[in-house]
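Top to bottom, those sequences are chains A and B. Once you know that position 102 of the first sequence is 102 in full-length UniProt numbering, the rest is easy, because the numbers rise by one and skip nothing. Once you know that position 89 of the second sequence is 89 in full-length UniProt numbering, the rest is easy, because the numbers rise by one and skip nothing. For glycine and all other residues, C-beta sits at the position ideal for the given N, C-alpha and C.
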Amino acid sequence: MSTTLFRTIQPNQFSLFGSTLLRWRRSSNFSVRCCGSQTTTTTQKIKQPSQSRIAPKNHGSNKLDEILRDYEAVIGIETHVQLSTLTKAFCNCPNSYGSHPNTSICPVCMGLPGALPVLNSKVVEFGVRLGLALNCDLSLKSKFDRKQYFYPDLPKGYQISQFDIPIASGGFVDVDIPLEFGGGHRRFGITRVHMEEDAGKLLHSDTGDYSQVDLNRAGVPLLEIVSEPDMRTGIEAAEYASEMQRIVRYLGVSNGNMQEGSLRCDVNISIRPIGQTEFGTKVEIKNLNAFSAVSRAIDFEISRQALLHNQGQADQIVTETRLWEEGAQKTVTMRKKEGLADYRYFPEPDLPEVILTQEYVDSIRASLPELPEAKRRRYEAMGLGMQDVLFLANDVSVAEYFEAVIGKGADVKSAANWIMSDIAAYLKNEELSINDAKLTPQELAELIAAIKDGTISGKIGKQILFELLAKGGTVQGMIKAKDLVQITDPAEIEKMVLKVVSENPKQLEQYRSGKTKLEGYFAGQVMKMSKGKANPALLNKILQEKLNAKD
Amino acid sequence: MCSFSIRKSPNSSFIFPKFAPLLVRHCLTLPSLVPILKPPRFRVVASLSGTSWVSQASKEKYGGWALIEDEAPLPHWKSKKKWRNVVITGVGSSLSSRPIVSAASSTIDAATVSPPQSQILSTRRSLLSGETTASEIAKSYLSRIRLTEPQLKCFLHISENVLKDAQEIDARIARGEELGPLAGVFIGVKDNICTEGMPSTAASRILEHYRPPFDATAVKKIKELGGIVVGKTNMDEFGMGSTTEASAFQVTANPWDLTRVPGGSSGGSAAAVAARQCMVSLGSDTGGSVRQPASFCGVVGLKPTYGRVSRFGLMAYASSLDVIGCFGSTVADAGMLLHAISGYDRFDSTSSKQDVPEFQSQFLSVDSFESKPLKGVKVGLIRETLEEGVDCGVRSATQEAASHLEALGCLVTEVSLPSFSLGLPAYYVIASSESSSNLSRYDGVRYGNQVMAEELNKLYECSRGEGFGGEVKMRILMGTYALSAGYYDAYYKRAQQVRTIIRKDFKAALDQNDILISPAAPSAAYKIGEKKDDPLAMYAGDIMTVNVNLAGLPAIVLPCGLVEGGPSGLPVGLQIIGAAFDEEKLLKVSHIFEQTLKVSPGKGGLEEGTLVVLPLDDLGGGRGTLGGRFSMSTSFVLVTA
Chain A
1 MSTTLFRTIQ PNQFSLFGST LLRWRRSSNF SVRCCGSQTT TTTQKIKQPS
51 QSRIAPKNHG SNKLDEILRD YEAVIGIETH VQLSTLTKAF CNCPNSYGSH
101 PNTSICPVCM GLPGALPVLN SKVVEFGVRL GLALNCDLSL KSKFDRKQYF
151 YPDLPKGYQI SQFDIPIASG GFVDVDIPLE FGGGHRRFGI TRVHMEEDAG
201 KLLHSDTGDY SQVDLNRAGV PLLEIVSEPD MRTGIEAAEY ASEMQRIVRY
251 LGVSNGNMQE GSLRCDVNIS IRPIGQTEFG TKVEIKNLNA FSAVSRAIDF
301 EISRQALLHN QGQADQIVTE TRLWEEGAQK TVTMRKKEGL ADYRYFPEPD
351 LPEVILTQEY VDSIRASLPE LPEAKRRRYE AMGLGMQDVL FLANDVSVAE
401 YFEAVIGKGA DVKSAANWIM SDIAAYLKNE ELSINDAKLT PQELAELIAA
451 IKDGTISGKI GKQILFELLA KGGTVQGMIK AKDLVQITDP AEIEKMVLKV
501 VSENPKQLEQ YRSGKTKLEG YFAGQVMKMS KGKANPALLN KILQEKLNAK
551 D
Chain B
1 MCSFSIRKSP NSSFIFPKFA PLLVRHCLTL PSLVPILKPP RFRVVASLSG
51 TSWVSQASKE KYGGWALIED EAPLPHWKSK KKWRNVVITG VGSSLSSRPI
101 VSAASSTIDA ATVSPPQSQI LSTRRSLLSG ETTASEIAKS YLSRIRLTEP
151 QLKCFLHISE NVLKDAQEID ARIARGEELG PLAGVFIGVK DNICTEGMPS
201 TAASRILEHY RPPFDATAVK KIKELGGIVV GKTNMDEFGM GSTTEASAFQ
251 VTANPWDLTR VPGGSSGGSA AAVAARQCMV SLGSDTGGSV RQPASFCGVV
301 GLKPTYGRVS RFGLMAYASS LDVIGCFGST VADAGMLLHA ISGYDRFDST
351 SSKQDVPEFQ SQFLSVDSFE SKPLKGVKVG LIRETLEEGV DCGVRSATQE
401 AASHLEALGC LVTEVSLPSF SLGLPAYYVI ASSESSSNLS RYDGVRYGNQ
451 VMAEELNKLY ECSRGEGFGG EVKMRILMGT YALSAGYYDA YYKRAQQVRT
501 IIRKDFKAAL DQNDILISPA APSAAYKIGE KKDDPLAMYA GDIMTVNVNL
551 AGLPAIVLPC GLVEGGPSGL PVGLQIIGAA FDEEKLLKVS HIFEQTLKVS
601 PGKGGLEEGT LVVLPLDDLG GGRGTLGGRF SMSTSFVLVT A
């Protein structure tokens, strides 16, 4: 698609972005791959990993692989998560995305004279939840600080944040790399998690003559998660970010929506020749609105920096903030000399210290749901393949659905297959989430059971599946109403076989003279006559008997 | 879309549509005052009906006051044994003002001296008895303001609604409805405390014409209890100053001597109460901004414990030090006003959930006092506050006050606060640092004065450059410096360490004593302009008060004597410091001190064309004397030839 075009406009010959073809889509809770019939799903999945979390670095990545033989990238990520609290962090304004500009504001979040912040306790609760989920140590006594700079989207002239004592620090997160990217398990360190408030938004006019400030977002609570510089590739970074999204969604602390900016990743990246211990000059990349952008921006940046190294211009790699331009598929300088900014942090005198009791922390710990990593390990232990595990554990509502189905006694593998193939395809087509499906887990379990015990054939099962998804109802009710019960009476099948054989003397002659392929034709005719209800195994057995019978 | 904008491209014209609903701009006129002011008529003010009623009532009620004093001869006054240890030697001759009236001056003419009366209580009595109406009181206050304001310049804005509010009170009385405890009480509000729809500028150009969309919690409470906001009082810009000369709009004069400063930063609030332009007023105290002007103007100034009163709606100067405080002409008035505004506020996380006791039970009338009403109260006189650099008249007045406390039964000893001298530098580092941050919001983008500019940084520079006065800029610079990377540890962090030490020292002193006393300021009011070009000298004047803010303790300043100066002497205040949240004890001690204080008539010093203090009863009578009490029950008269 755009790959060619892209390459022609890319000045940098290290363009490796064949993967731009693959658009990252994750707006619905449950977006899925398309796939074939039930029986072929598994193999297809392996061959064609279309639900790519990250754009694969396959085509065009030879150059990158080459670079990575000489250089190592060191990547850390700062993730800002907008919390899904009802109100803002320090005032009563509703925390709602997409309101008309400057309608969710008050004297506090506007920074009017005399207004004071009051901490929303949910922010602390969410901070503790995320801190625990990321295996961090919690500070039972933390505080807020002011980070000071002037900008029109920052009404008070400072951002209330946490500086030297974050609410949580020293944790880690476990990630499974998808098979299509080489697979494997990684653990990345978490430096800290801290609470802060978001700034407003500047809306620049089309003409560039003026900009407008929308303060609806000012004061919206954020948790900033800072990783250790433990990642080495774009894939790892994107998987890390993707895991953050899963975790905040599992915990219910954020909708994790990247398009709306509820989850924002800033990447810090430097490269160094392999074998060198000290880090290279670090560059920050912003404006990464999708996991694929994280991966591609990093790959671009590695190439850009390696090129400068190779050309002996390593000194041109400077500490700066670069913007990822999705259209041009490259990073460009946003502002330089970032390191010199002095934010003049000092303790926020308007807010008391945040004191957590052990009981409070324990009660939150006790209320934590099963987290993605634990779920993946459990699914793996059930005997599911990694592909299935990653798919099912990716979305908490899918996982819940899956578990409800197997809770009703359905076979694990069949349940996984049904959910990942036909159900997923249907939902994707209809742009629905699994919670919108009218097929209850109970009925899916019934359906699986009905096929397993031979009440209906797999083919019939698939037919009624879509009807159940769209309209609801029960499997038994539908089987009865449509008279779909499989014909397993050999006498009845034999009758149909004989009828078909007798009505097709020409084909029978051909078959008997050696054209045995025609067996399929006969089977099809019989199946047609039974309206698909004949038991295939019995049908085949009886058909062969009759065809080969010498009379 | 309701929004404001900044320009992106540096070359085209700069548009900044304002934030319409919140930025209703009006020119700064005093709509109710203007018509009153012209033509200026110089004549004797009709006596305030409420106040003259007080005089009458008090004579009846407190007839036995002198008797109590007679029964308690207070022998310690004369002996002075104790104070030989206290008197500091080697005082420079420059500090030479002599006391002309002091607490222990013994000559008393009981017939002309009556203890000061609570105006809040007397107003309530006269309203309930039907003796007068709130409207009448309002008119008399407005006419007094009209007459005195051209000289004093206490107010930046006079409310348009004073009469209307008063009529509402009268209507309530007529309907027999319950009256709030502050019904009909005329209250001045410092200009850095937000009043809904009324200009609130912190005396800064950058907020000129700014009208907040909400009332500060303290103001809201006052209104709910029936209080009437008279207007917004002048102050040093954002509270930064000790003279009220740093106001961007006008210089307030001290009612005791129009050539002198009223103190600051709450100079307008203090002077307005002293001049009876309002009954009580709200100020704010970051480093002494309520107590020092109270001392200079001869009124009671009460700085509550940090957290006692919500700061919501107080334009922040130094958040960890700021408190809203109260002025009154009596301890009872200041105490009752404090009670009205105290308490936990969910809009201020630093406000305290401590119970607010009913202070009123402390304000007993004199005739119910025992012979030693303060028996056993342990009082620590802070040694360091009487050392070199303190005006000798102030020192004597303080010592006399200590003697008076002893006479009332207190056990007075000297205490030392070793960290005392560290407070001033620590205060200026912390206050400047916090202010540099708190004042960041005044960027001209959303509200306040904005200077059009070609690009964003210029907009900030010009708006702030033209909006802030010199003192404010200096403190922002100092604070920015102190918080900068590489200096933080040497300044801000160190100052916080000093603060901890000061807290500990106070704690130790207050473990041994119920209250601590000291002068409120090293001198009485000085001349306008005297310290204007010498900020360090002005800062040094805060030495008595800043430590109390650093420790977050409550303190009250009340008049304890007069020193020479001005037409009728200059008042000197005594500072009484209490343990955190123990305002009750402070009020008890200071009320008894106030009610039993004997002051001999001061010098008249009345000259033609000058504003002097006259006893109300003397309104018609030529040459004035400082009657009754030196600050209370007095009235302004502009004498014309």
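Rounded to the nearest whole angstrom, the CA to CA distance from glutamine 354 of chain B to leucine 356 of chain A is 21 Å. Of the candidates A/Tyr511, A/Asn417, A/Ser270, A/Lys408, A/Asn417 places its Cα closest to the Cα of phenylalanine 391 of chain A.
Against chain A, the CB of serine 435 of chain B has no partner CB under 7 Å away; the residue lies outside that interface.
Approximately 4 Å separates the beta-carbon atoms of phenylalanine 296 of chain B and alanine 525 of chain B; this is inside 8 Å, confirming the contact. Taken through DSSP and simplified to helix, strand or coil, threonine 331 of chain A comes out as strand. Contact of alanine 485 of chain B with chain A is assigned, a C-beta pair being separated by under 7 Å. Contact with chain A is found for leucine 314 of chain B, since one of that chain's Cβ atoms lies less than 7 Å from the residue's Cβ.
Put simply, the CB of valine 445 of chain B is near chain A, with a gap under 7 Å to one of its CB atoms. Ranking A/Asn92, A/Ser99, A/Asp436 by CA distance to the CA of cysteine 106 of chain A puts A/Asn92 first. When 9 Å is used as the limit between beta carbons, alanine 490 of chain B is near no residue of chain A, the shortest such separation being about 14 Å. Counting only the Cα atoms, serine 227 of chain A lies some 5 Å from isoleucine 77 of chain A.
Taking 3 residues as the shortest admissible run, the stretch 136 to 210 of chain A contains the following complete beta strand (DSSP E) segments, listed from N- to C-terminal end: 145 to 148, 158 to 161, 168 to 176, 185 to 197, 201 to 204. The C-alpha of glutamate 239 of chain A lies about 8 Å from the C-alpha of phenylalanine 291 of chain A. Aspartate 489 of chain B and leucine 439 of chain B have their C-alpha atoms roughly 22 Å apart. Under the criterion of beta carbons closer than 8 Å, aspartate 170 of chain B and methionine 235 of chain B do not qualify as touching, at roughly 32 Å. Note that the C-beta distance between lysine 533 of chain A and isoleucine 487 of chain A is below 7 Å.
Taking a C-beta cut-off of 8 Å against chain B, the contacting residues of the stretch 148 to 171 of chain A are Gln148, Phe150, Pro152, Pro155, Lys156, Gly157, Tyr158, listed in chain order. Residue environment analysis places histidine 100 of chain A among the exposed positions, since fewer than 16 neighbouring C-beta atoms fall within 10 angstroms of its C-beta. Chain B has no Cβ within less than 7 Å of the Cβ of aspartate 198 of chain A. For threonine 233 of chain B, the uninterrupted beta strand (DSSP E) segment begins and ends at 228 to 233. Taking 4 residues as the shortest admissible run, the stretch 493 to 546 of chain A contains the following complete alpha helix (DSSP H) segments, listed from N- to C-terminal end: 505 to 512, 519 to 529.
Here glutamine 305 of chain A carries a helix assignment [DSSP, helix/strand/coil]. A Cβ-Cβ separation of about 4 Å places proline 262 of chain B in contact with alanine 271 of chain B under the 8 Å criterion. For chain B, the residues of the stretch 346 to 361 of chain A that bring a beta carbon within less than 8 Å of one of its beta carbons are Phe346, Pro349, Asp350, Leu351, Pro352, in chain order. Residue state for tyrosine 526 of chain B is assigned as coil, using DSSP reduced to three classes. For the set A/Leu468, A/Asp436, A/Ala366, A/Val500, the Cα lying nearest the Cα of arginine 129 of chain A is the one of A/Ala366. Straight-line spacing of the CA atoms in leucine 417 of chain B and arginine 464 of chain B works out to 40 Å.
Around arginine 146 of chain A, the beta-carbon contacts reaching into chain B at under 8 Å are Ser437.
In terms of beta-carbon proximity, cysteine 462 of chain B stays away from the interface with chain A, with every pair separated by 7 Å or more. Counting only unbroken stretches of 4 or more residues, the alpha helix (DSSP H) elements lying wholly within the stretch 498 to 549 of chain B are 535 to 540, in sequence order. With its beta carbon at least 7 Å from every one in chain B, proline 229 of chain A lies outside the interface. Using a CB distance cut-off of 7 Å, aspartate 206 of chain A does not count as an interface residue toward chain B. Between the alpha carbons of histidine 339 of chain B and valine 356 of chain B lies a distance of about 7 Å. Proline 349 of chain A sits away from serine 265 of chain B, with the two beta carbons spaced by 7 Å or more. Taking a Cβ-Cβ threshold of 7 Å, none of the residues of chain B is close to glycine 98 of chain A; the smallest such distance is about 14 Å.
Listed in chain order, the positions of the stretch 99 to 118 of chain A with a beta carbon within less than 7 Å of a beta carbon of chain B are Pro101, Asn102, Pro107, Met110, Gly111, Leu112, Pro113, Gly114, Leu116, Val118.
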